[in-house]
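> In numbering that gives the first Met the number 0, the protein residues as written are 0 to 219. Pasting a structure here, questions to come.
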Amino acid sequence: MRILLIEDDRIIGDGVKTGLTKQGFCVDWFTDGAQGRDGGLTEDHDAVVLDLSLPGADGLDILRCWREKGRNVPVLILTARDALDQRVRGLNLGADDYLGKPFALEELAARLRALIRRRCGQAAPLLVHGSVQFNPESRNVLRSGAPVPLSPKLTMLLELFLLNKERVLSKRVIEEKLYPWGEEIGSNAVEVHIHTLRRKLGKAFIKTMHGAGYILGDAS
């Protein structure tokens with residue numbers, strides 16, 4: 000899942016980006032508030048981690064701008080632990096969750112996964128489709144109870160389909176979800192990933208919608 004991180008502290012930002020990437024997230028990181036605000040308006044992210052004290056644009060102003068423009072992406076704000084007023088203002092402006100600094104990366108990742116599940120209408124922590132079961136926390140995949148080894152990119156692709164069961168995903172959308180800004184994408188990378196995922200999980204697991212993209216196949 001693609002995450003927008005807006006954090007001007009480079010030590011915190013680098014740690015969050017590295018840690019979330021290892022846990023299966025695709026992370027776009029901005030240190031400038033105005034640039035992050037614009038990135039949130041032009042790109043389709045699954046969730047946002049938003050610091051409030053930023054150069055270029057204040058975090059609460061960024062949140063207000065997004066909500067006024069109809070951007071409903073889940074937003075988790077980062078605050079100092081004693082900043083009760085900031086947390087209340089952020090939640091009243093449309094934030095979905097908050098986390099006080101300092102924080103554990105594992106908790107941040109868990110909160111982001113919960114926000115994304117709720118946005119996609121998935122209440123259960125495990126994602127299941129037919130005989131395939133995926134644990135977003137452990138990144139483990141089972142098919143008919145047997146482990147299926149997948150590369151990080153294939154695991155991200157599987158999670159994308161499982162969170163969008165009835166949605167046709169175009170090649171462009173898949174590229175945007177799997178690759179952060181600045182990462183080179185091969186011209187046939189998506190087709191190769193789809194082919195490999197079918198080989199691992201069954202030819203009918205992903206259906207091609209000619210001229211439109213791909214969608215999960217029949218669960219049976």
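For each residue, glycine too, the CB sits at the ideal point set by N, CA and C.
#1: Could you check if A79 is buried or exposed, using at least 16 other CB atoms within 10 Å of its CB as the buried criterion?
#2: Note down, one range per segment and in chain order, each alpha helix (DSSP H) of at least 4 residues found wholly within the stretch 16 to 92.
#3: Could you tell me the boundaries of the beta strand (DSSP E) in which V131 lies?
#4: Quick check: the Cα distance between E6 and G12, rounded to an integer number of angstroms?
#5: Counting Cβ pairs closer than 8 Å, one from the stretch 188 to 197 and one from the stretch 109 to 122, do we hit at least three?
#6: Give the range of the beta strand (DSSP E) segment to which K206 is assigned.
#7: From A218 to W65, what distance separates their C-alpha atoms?
#8: Can you list, in chain order, the stretches of the alpha helix (DSSP H) that have 4 or more residues and sit fully within the stretch 131 to 196?
#9: Does the separation of the CB atoms of P135 and E158 fall below 8 Å?
#10: Nearest CA to the CA of A123: which residue from R112, G129, S130?
#11: Any idea what DSSP makes of G212, helix, strand or coil?
#12: Figure out for me which residue from L177, L162, R171 has the closest Cα to the Cα of S150.
#13: To the nearest angstrom, how far is it from the Cα of G14 to the Cα of G210?
#14: Compare the beta carbon distance of L83 and D95 with 8 Å and say whether it is the shorter of the two.
#15: Residues bridged to K100 by DSSP?
According to the structure shown:
#1: exposed
#2: 32 to 41, 58 to 67, 83 to 91
#3: 131 to 134
#4: 6 Å
#5: no
#6: 205 to 208
#7: 36 Å
#8: 151 to 162, 170 to 177
#9: yes
#10: R112
#11: strand
#12: L177
#13: 40 Å
#14: no
#15: A79
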